[in-house]
Amino acid sequence: MTSSSECGSNSWDLVVIVDHQYETVQKEFTLRVSGDLHIGGVMLKLVELIKISQDWSDYALWWDQKKCWLLKTHWTLDKCGVQADAKLLFTTQHKMLRLRLPNMKTVRLKVSFSSVVFKAVSDICKVLNIRRPEELSLLRQSEDVLKKKKKKDKNSKEPVTEDVLNLCNSPVTPGLSASPGLYSKTMTPTYDPVSGTPASSTKTWFSDSPLTEQNCSVLAFSHPNCSPETLAEMYQPRTLADKAKLNAGWLDSSRSLMEQGILEDDQLLLRFKYYTFFDLDPKYDAVRINQIYEQARWAILLEEIDCTEEEMLIFAALQALNFPFKNLFFVVLFQYHVSKLSLSSEAQNFTCESEVDEVEAALSNLEVTLQGGKASNILEDITDIPKLADNLRLVRPKKLALKSLKQYWFVFKDTSISYFKNEESAQGEPIEKLNLKGCEVVPDVNVAGKKFGIKLLIPVADGMNEVYLRCDNENQYAQWMAACILASKGKTMADSSYHPEVHKILSFLNLKNWTVSPQVVSDSEGLDMKPECFVSLRYTKKYKPKQLAARIMEAHQNVAQMSLVEAKLRFIQTWQSLPEFGLSYYVVRFKGSKKDDLLGVSYNRLIRIDAATGDPITTWRFSNMKQWNVNWEIRQVAIEFDQNVSIAFTCRSADCKIIHEYIGGYIFLSTRSKGQNEALDEELFHKLTGGQE
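Read in order, the letters of the sequence shown are residues 1 to 693 in the UniProt record's numbering.
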C-alpha cells in the first residue's frame with residue numbers, strides 16, 4: 001500500500017538497479033521517494049522490495065552519472081542532490097581485482113571499491129603481508145604497454161594463460177573475516193633472517209590466513225628470469241618521454257577505485273610509488289624486501305633506469321647465481337653478493353638511526369643478529385666538523401674548449417669546496433668556492449679503467465654550473481663522493497651517515513673491481529645458463545652468449561655467499577646508488593616557456609631536465625620549499641621556495657594531481673619516525689595530497 005503522503009507533490013519515482021547474481025529475479029526497481037528520505041531509508045525500502053534472503057551489509061548505492069558512492073546513510077536525497085532523473089546502482093562495495101605485483105606475479109583478491117585508494121592499498125598490503133603500505137600505490141598500465149601486449153597476444157599461436165594466485169577468500173576489510181593485522185607486533189609474521197622463510201612460530205599464523213605458507217613463498221622468493229624472447233616482447237622505454245608515460249597512470253589516492261573507472265576483475269599494477277623504504281627489518285619484511293628487489297630487477301632488465309655496462313654485468317652475475325654452474329654451488333637465488341671486505345668489523349660500529357640509509361641500517365642490524373651481538377645506539381660525539389684536503393684534478397667542460405684536466409689543492413669544509421693553486425697557497429683566498437647545497441652529484445666511474453670522477457651540477461641563476469672532479473684512487477673517491485652527497489642535502493661530514501656512506505661506496509666499487517683469470521674463461525664455457533636472460537636487450541645485441549657468460553663470470557669473482565635476505569638488501573642498495581634511482585619523470589610546460597621540459601620528482605627534490613638532451617637545468621630541494629598549491633581551473637602547479645624563488649608549470653603527460661600528490665606524499669613520508677606507532681595518520685596524508693578540486 002502507498003500512503004497518501006508518499007503520493008503527494010513532493011514525492012517522485014527513483015529507479016534503482018540491483019546488482020545481484022540471481023538471473024531469474026528482477027534487477028530494476030522503482031521506488032516512490034521524497035527528497036527528505038535519507039539514504040539508509042532508500043536501501044531499507046529497496047531490500048524489502050527485492051525479497052531475497054541474503055546478507056546485504058556489503059551493498060551500497062552507486063550514482064553512475066555523478067561517479068560517486070552514496071555512503072553517508074544519514075544524508076537525505078536532497079542533500080546528496082539525487083533527483084528523479086538519477087539512476088542508482090545497488091551493488092557490493094568489495095569486488096574482485098587482479099593485481100600484478102613487482103615480481104610480475106598476479107594475485108586475485110577482493111578489494112574495497114568504495115574506500116579511497118590509500119585505504120584500499122593499506123588493506124591489500126595487510127593480506128599480502130607487506131608493511132609500510134604508504135610506500136605503495138596502484139598504477140594503470142600505460143597505453144604503450146597495453147598496445148604491445150595486444151600485439152603479442154594477436155601474434156601468439158597459443159592462447160595466453162596467466163598464472164594467477166587466487167586469494168578470493170580474503171576480503172580486505174576490517175568488517176569482514178580478514179587476515180590478522182600486521183600492526184600489532186604480537187601478530188606480525190616473522191621470518192628466518194638467513195633464508196627468509198617463515199619462522200616455525202609463524203607457520204600456525206599462516207594456517208589461519210588467506211596467505212598460506214605456500215602462497216607466502218610465491219611472494220617472498222624470486223623465480224627464474226623469463227626468456228630473452230619474452231623480454232623482447234615486453235615494453236621498454238627508449239627515451240625520457242617514454243619513461244614519463246610509465247608514470248602517467250597512478251591512481252588518485254583520495255578517490256575510490258569505482259570513481260576512477262576501475263571495474264570488477266580489472267588488472268592494475270601494485271608498485272612502490274615512493275622510493276623511501278623505511279624501517280626495513282628482515283625479521284618481518286621478507287615479502288616486502290623481495291618485492292622491492294623484484295621492482296629493482298625488472299627496472300634494470302627493461303632499462304627503465306640507466307646503468308653502465310659494468311653495473312649491468314654486476315646485476316647479471318647476481319641474478320645468474322640461481323643456476324647450478326660447473327664446480328660451483330650457491331645457496332642464494334638472484335642475489336646481490338659483496339666481498340667479505342664490505343662486511344668488516346669496522347662497519348658494525350656504525351649507528352643505524354633515521355638519517356642513515358634504511359637499507360644500510362637493515363643490513364647492519366641483520367649482521368648483528370646473525371652474529372648474536374647487540375646493535376649499538378650510541379652516537380659518536382663529534383664536536384669539530386671534519387674537513388678533507390687533497391690534490392684533485394678539475395675540468396669545466398662548458399668553459400673550456402678542450403676537456404683538459406688541471407690539478408689543484410682542494411679543501412672540503414662544511415658544505416663547500418674551495419680550491420687553490422697549490423697546498424702552500426691554501427692559507428689565502430681560494431681561486432673559487434663552490435657551495436654544493438642543492439647540487440646534483442653524479443658518479444663518473446670506470447674501475448677497470450682506473451677512472452674515479454665526480455660530476456657536480458651546481459645550481460646558478462641561469463641554470464646549472466657543470467664541474468668535474470677526478471680522484472686518484474678508490475679511497476679518495478669514496479671520501480670525497482660521500483662528502484659531496486651529504487653536502488648536496490645540506491649536511492656536513494660531522495653527520496653520522498658520512499662513514500656509512502663511504503663504506504657503501506667502497507663496497508660498490510669493490511664489486512666492480514674484477515680481473516680475468518684462465519679458470520673463469522674455462523668455467524664459463526661449461527655453464528648451464530642463458531646469460532642473455534640476465535641483461536637488457538642492449539647487451540644481448542652487443543655480445544654473443546659465450547662472451548656474455550665469460551664477462552658475467554668475471555663479475556662474479558668479487559661475489560661471496562650471503563644469506564638470502566642480506567643479498568637482496570645489498571642488491572637494493574646497489575640499485576639505490578644509480579644516478580637515476582628514485583626519479584619519476586613527467587612532461588611539463590613551465591610558465592613563460594615556449595617548449596616542453598621534463599620534470600624529475602624524487603624523494604627530496606624536483607629537477608628540471610632538458611627534453612632534447614636529458615641534461616639537468618635546475619634543481620629545487622623540498623627542504624627549501626615554503627609552499628605549493630594547484631590552480632585547479634587551469635591545472636597549474638605553483639611552488640614557492642626560499643630566497644623568493646617561485647616556479648609554475650602545467651603537466652602535459654599526466655594529470656597535475658599526480659605531481660601534487662607526489663610532492664605531498666614525500667613530505668608525508670618524511671614525518672615518519674621509528675619511535676612512533678605504525679598506524680598511519682591517514683588524515684595528514686590527505687591534507688598534504690588531496691588538494692581542493
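Think of the CB as a built atom: it goes at the ideal place given N, C-alpha and C, for glycine as much as any other residue.
Span separating the alpha-carbon of residue i from that of residue j
i           : j    : result
L101        : G428 : 59 angstroms
Y235        : L251 : 21 angstroms
residue 698 : P459 : Since the first and last residues shown for the chain are 1 and 693, residue 698 lies out of range.
P430        : W409 : 10 angstroms
K491        : T415 : 7 angstroms
T230        : V535 : 13 angstroms
L49         : M43  : 10 angstroms
residue 700 : G582 : Given that the chain is displayed from residue 1 to residue 693, the structure contains no residue 700 and the question cannot be resolved.
residue 753 : R538 : Residue 753 lies beyond the stretch modelled for the chain, which goes from 1 to 693, so this question has no answer here.
V588        : N513 : 41 angstroms
T204        : E440 : Note that T204 scores a pLDDT of 43, beneath 50, so its modelled location is shaky; the value from the coordinates is reported in the next line. Rounded to whole angstroms, T204 to E440 spans 50 angstroms at the Cα level.
P616        : M464 : 7 angstroms
V164        : L99  : 9 angstroms
L61         : K504 : 55 angstroms
F442        : D306 : Sequence inspection shows Val at residue 442; the Phe mentioned does not correspond to that position. For V442 and D306, the distance between alpha carbons rounds to 13 angstroms.
L456        : F412 : 14 angstroms
Y183        : A679 : Note on Y183: pLDDT 36, under 50, position unreliable in the model; no value is reported.
K79         : Y59  : 21 angstroms
DSSP state of residue i mapped onto helix, strand, coil
i           : result
E229        : helix
F590        : strand
G41         : helix
A241        : helix
Y477        : helix
T492        : coil
K110        : strand
E683        : helix
D123        : helix
Y293        : helix
F571        : helix
F350        : Reliability of the predicted coordinates at F350 is poor, the pLDDT of 34 falling under 50, and the value obtained from them is presented with this limitation in mind. F350 falls in the coil class under three-state DSSP.
K542        : helix
D13         : strand
G664        : helix
Q54         : coil
A648        : strand
E405        : Contrary to the premise, residue 405 reads as Leu rather than Glu in this sequence. Here L405 sits in coil by DSSP.
S673        : coil
E640        : strand
A389        : strand
residue 694 : Because the chain is modelled from 1 through 693, residue 694 falls outside the range shown and cannot be assessed.
Y59         : strand
Buried or exposed (CB count within 10 angstroms, at least 16 for buried), residue i
i           : result
K406        : exposed
H223        : exposed
S5          : Caution is warranted here: a pLDDT of 47 is assigned to S5, below 50, making its placement in the model unreliable, and the coordinate value is therefore given only provisionally. Result: exposed.
V25         : exposed
I52         : exposed
residue 694 : The structure shown does not extend to residue 694, since the chain is modelled only from 1 through 693, so no value can be given for it.
W628        : buried
L684        : exposed
L97         : buried
C168        : exposed
D123        : buried
L506        : buried
F247        : For clarity, residue 247 is Asn in the given sequence; the question names Phe instead. Buried, because 16 or more other Cβ atoms sit within 10 Å of the Cβ of N247.
For residue i, the nearest candidate out of the options (CA to CA)
i    : options                   : result
Y586 : L578, L598, E580 and K594 : L598
P531 : N513, E554 and L511       : E554
V359 : R635, L569 and P133       : L569
T540 : E309, V630 and N166       : E309
A241 : V121, S577, L680 and T613 : T613
Y284 : W63, A220, A316 and L268  : A220
Q141 : E683, G249, E303 and K626 : G249
M104 : D64, A296, V645 and D390  : A296
E432 : C125, R470 and I417       : I417
K387 : S217, A494, Y59 and E143  : A494
Q54  : Q21, K95 and D36          : Q21
P643 : I658, L394, K626 and M481 : Looking at the sequence provided, one finds Gln at residue 643 rather than Pro. With distances taken between Cα atoms, Q643 lies closest to K626.
Exercise for the section: Count the CB pairs spanning the region 270-281 and the region 126-144 that are closer than 8 angstroms, and state whether there are at least three. Expected result: Verdict: yes, contact present.
Exercise for the section: Tell me, please, whether the region 639-658 touches the region 612-629 by the rule of three or more beta-carbon pairs shorter than 8 angstroms. Expected result: Yes, the region 639-658 is in contact with the region 612-629.
Exercise for the section: Could you tell me whether the region 600-612 touches the region 287-300, where touching means 3 or more Cβ pairs closer than 8 angstroms? Expected result: With the cut-off at 8 angstroms, the region 600-612 and the region 287-300 do not touch.
Problem - Stretch pair the region 109-116 + the region 297-304: three plus CB contacts closer than 8 angstroms - result: Short answer: they don't touch.
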